[in-house]
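Chemist: Structure provided below as structure tokens; questions to follow.
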Amino acid sequence: MLFIVLSVFFWAIVLLATVLWKPVYDSMAQFIEMRTEYGLLEQGSKFILLLMMSTSLIVYRNENDRARILLSLTFLLFALAMYLAESNFIGEAWQPFFGAVFILAIVVQLLKIDLLALLFVFGGCAAITMGMLGDVWHDYPEVLSGVPSILKLGQVVYPLEEYLDLWGIGFFAYASLLVSRNMLTIFFLNHRAGF
Numbered sequence: 002m003l004f005i006v007l008s009v010f011f012w013a014i015v016l017l018a019t020v021l022w023k024p025v026y027d028s029m030a031q032f033i034e035m036r037t038e039y040g041l042l043e044q045g046s047k048f049i050l051l052l053m054m055s056t057s058l059i060v061y062r063n064e065n066d067r068a069r070i071l072l073s074l075t076f077l078l079f080a081l082a083m084y085l086a087e088s089n090f091i092g093e094a095w096q097p098f099f100g101a102v103f104i105l106a107i108v109v110q111l112l113k114i115d116l117l118a119l120l121f122v123f124g125g126c127a128a129i130t131m132g133m134l135g136d137v138w139h140d141y142p143e144v145l146s147g148v149p150s151i152l153k154l155g156q157v158v159y160p161l162e163e164y165l166d167l168w169g170i171g172f173f174a175y176a177s178l179l180v181s182r183n184m185l186t187i188f189f190l191n192h193r194a195g196f
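Straight run, no breaks: the sequence shown in this note's numbering ends on number 196.
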């Protein structure tokens with residue numbers, strides 16, 4: 002039951018960031034010069050990545066199963082790489098490399114541990130890939146010019162790029178929550194006063 006409450010809370014954060022992004026962006030634009038880094042979608046993505054890092058650390062410190070400890074460390078490193086990429090500390094050319102390495106490691110580990118969490122990882126991969134396609138269409142359309150259907154898809158998804166990033170990261174973070182649900186439930190029950 003507690004994990005269901007955590008799940009509802011998690012997806013409510015993602016949904017609120019999605020719905021409130023434009024009004025918050027417009028109201029902040031009255032006071033400061035806005036860039037996408039200041040938007041709720043970008044900050045929401047970073048918050049979710051911090052949540053995934055926290056979850057990974059909780060599991061790392063409290064789990065006894067070696068495979069789950071290794072998976073928590075992989076999620077932690079993936080979240081850290083994504084956080085650095087979102088903060089422009091990893092160049093755009095290197096981002097797919099970091100993503101591919103950690104995603105492949107996560108997929109291999111989840112095949113042995115939790116297939117439902119793996120489905121959320123695939124959803125995250127799809128959303129982030131679509132967002133990247135929109136970016137490529139906008140920044141380097143010549144790369145896609147040889148494949149008209151991909152070029153058209155890039156044009157369609159470009160306005161949704163920030164949303165796709167948020168939801169993609171949300172799917173990854175939820176996969177880490179889902180695979181760690183038993184440990185997180187125990188942890189929350191043992192630290193109620195602290196929360």
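All C-beta atoms in this analysis are idealised placements derived from N, C-alpha and C, irrespective of residue type, glycine included. Note that the structure is a prediction, hence the values are computed from the model and not measured.
To which residues of the same chain is Ser146 closer than 7 Å at the C-beta, ignoring the five residues directly before and after it?
Modeler: Contacts found: Leu152.
Chemist: Give me the Cα-Cα distance between Glu5 and Phe189, rounded to the nearest whole angstrom.
Modeler: The residue asked about is misnamed: residue 5 is Ile in this sequence, not Glu. The alpha-carbon atoms of Ile5 and Phe189 are separated by roughly 13 Å.
Chemist: Taking the straight line between their C-alpha atoms, what separation do you get for Phe98 and Val180?
Modeler: In a straight line, the C-alpha of Phe98 is about 25 Å away from that of Val180.
Chemist: Whose CA, out of Met53, Trp95, Gly155, lies closest to the CA of Phe76?
Modeler: Ranking the options by Cα distance to Phe76, first place goes to Met53.
Chemist: With a threshold of 6 Å on Cβ separation, who are the neighbours of Phe172 within its own chain once the five nearest residues in sequence on each side are excluded?
Modeler: These residues qualify, in order along the chain: Phe121, Gly124, Gly125.
Chemist: What's the gap between the Cα of Leu71 and the Cα of Ser150?
Modeler: Cα to Cα, the separation comes out at about 40 Å.
Chemist: Taking only the alpha-carbon atoms, compute the straight-line gap between Gly132 and Val158 and give it to the nearest angstrom.
Modeler: So the alpha carbons of these two residues sit roughly 7 Å apart.
Chemist: Is it true that the segment 41-52 meets the segment 164-178, where meeting means three or more beta-carbon pairs spaced less than 8 Å apart?
Modeler: Contact holds: three or more Cβ-Cβ distances are below 8 Å.
Chemist: Report all residues from its chain with a CB closer than 6 Å to the CB of Phe79; omit the five preceding and five following residues, and keep chain order.
Modeler: So the qualifying residues of the chain are Phe103.
Chemist: Can you find the residues in the same chain that come closer than 7 Å, C-beta to C-beta, to Val137, ignoring five residues on each side of it along the sequence?
Modeler: Excluding positions up to five away in sequence, the list reads Val144, Leu145, Gly155.
Chemist: Please state the DSSP three-state secondary structure of Phe98.
Modeler: Looking at Phe98 - three-state DSSP - the assignment turns out to be helix.
Chemist: Considering only their Cβ atoms, is the gap separating Ile129 from Leu165 smaller than 8 Å?
Modeler: Yes, the Cβ-Cβ distance between Leu165 and Ile129 is below 8 Å.
Chemist: How should Tyr84 be labelled, buried or exposed, when 16 other C-beta atoms within 10 angstroms of its C-beta is the threshold for buried?
Modeler: Result: buried.
Chemist: How is Tyr26 classed by DSSP in three states: helix, strand or coil?
Modeler: Here Tyr26 sits in helix by DSSP.
Chemist: Who are the Cβ neighbours of Ser46 in its own chain at under 6 Å, not counting the five residues just before and after it?
Modeler: Glu87, Asp166, Leu167, Ile170, listed in sequence order.
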